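Asks:
Protein chains in written order, with full-length UniProt numbering: chain A, 1 to 139; chain B, 1 to 139.
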């Protein structure tokens, strides 16, 4: 079912500070501007690597779902991991049929394709995002 | 400096159970056997994805460096992230020159090339592994 490791989601108290770290300390050369996703409660920015991406997420608004994570991990850290799938509904149905807890209905994610999240209790302690592979090559 | 996202290191109390999850729930089709790395204090196994890998690590021996992580995260979770670099000594020297804390001397990792770890306090809360890109295509 799962295809590429699309990205690792990394929570941070400050995307601006994280961008400096990736650029100045790790020498990353392709980093997008940040933008707000109010419906997800996060600011988002991507560090592009040759084969995958780091998705930096910073809380947007008081109801951001990552406040809890940052309270436990004030410096930030790995928040989720995202694998590509061909069809989000088929993936969701297959997981539910096997007893996994899928969080919410499929919705549009930061890459413009449908995503779901699977509960860490069923995923070896990791919050797993599944996303439909974008149809264009630029992702 | 950093190139590909070589792998995400995922700690687990049981590689056997994690393999079942990746195979039966997520449908991963290429998973290596596990092997012991006594000098690192871990059992290791790779879930191969088309563009990257998940490195499953389970404690080996009482002095395993991941007992602490599993005490805090009994189900396991994302433990480190590994980026490829061309030359480990140049990467180490550049990081040290910029004030980052590199853990130990370069040593051979699970892919047979030199690795270092960089302290999470300098890496946005993430334990970062840097590894020299393997010379062959099979990694």
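All C-beta atoms, glycine included, are put in the ideal place defined by N, C-alpha and C. This structure is a prediction, so every number in the text was calculated from the model and none was measured.
In chain order, what residues of the same chain lie with their CB nearer than 8 Å to the CB of residue 94/B, ignoring the 5 residues before and after it?
Replies: Result list for residue 94/B: 1, in chain order.
Asks: Could you give the distance in angstroms between the alpha-carbon of residue 62/A and the alpha-carbon of residue 72/A?
Replies: Each residue's Cα considered, the two are about 16 Å apart.
Asks: Going by other Cβ atoms of all chains shown within 10 Å of its Cβ, with 16 needed for buried, is residue 80/A buried or exposed?
Replies: Residue 80/A should be labelled buried.
Asks: Less than 9 Å between CB atoms is the rule here; does residue 37/B satisfy it with respect to chain A?
Replies: No, residue 37/B does not count as interfacial toward chain A.
Asks: Check whether the stretch 86-103 of chain A and the stretch 112-125 of chain A touch, using three or more Cβ-Cβ pairs below 8 Å as the test.
Replies: A contact exists between the stretch 86-103 of chain A and the stretch 112-125 of chain A.
Asks: Quick check on residue 12/B - is its C-beta less than 9 Å from some C-beta in chain A?
Replies: Answer yes: the Cβ-Cβ gap between residue 12/B and chain A drops below 9 Å somewhere.
Asks: At a CB-CB cut-off below 7 Å, which residues of chain B make contact with residue 81/A?
Replies: Those within 7 Å of residue 81/A in chain B are 8, 78.
Asks: Rounded to the nearest angstrom, how far is the Cβ of residue 42/B from that of residue 64/B, given a contact under 8 Å?
Replies: Correct: roughly 6 Å between the Cβ atoms.
Asks: Strictly under 9 Å for the Cβ-Cβ distance: is residue 53/B near chain A by that measure?
Replies: Residue 53/B counts as touching chain A.
Asks: Quick one: grab the DSSP three-state call for residue 21/A.
Replies: If DSSP states are grouped into helix, strand and coil, residue 21/A belongs with the helices.
Asks: Please classify residue 30/B as buried or exposed, where buried requires at least 16 neighbouring CB atoms within 10 angstroms.
Replies: The residue is exposed, with fewer than 16 neighbouring Cβ atoms inside 10 Å.
Asks: Do we get a CB-CB distance below 9 Å when we pair residue 132/B with the residues of chain A?
Replies: Taking Cβ atoms only, chain A never reaches closer than 9 Å to residue 132/B, which makes this a no.
Asks: Using a Cβ-Cβ distance under 9 Å, would residue 103/B count as near chain A?
Replies: So, not an interface residue.
Asks: Output the boundary residues of the alpha helix (DSSP H) element that contains residue 90/B.
Replies: It spans 88-97 - the alpha helix (DSSP H) in which residue 90/B sits, taken as one unbroken run.
Asks: Could you check whether the Cβ of residue 63/A sits closer than 9 Å to any Cβ belonging to chain B?
Replies: No, residue 63/A lies away from the interface with chain B (no Cβ there is under 9 Å from its Cβ).
Asks: Do you know how far the Cα of residue 11/A is from the Cα of residue 28/A?
Replies: Spanning the two alpha carbons is a distance of roughly 18 Å.
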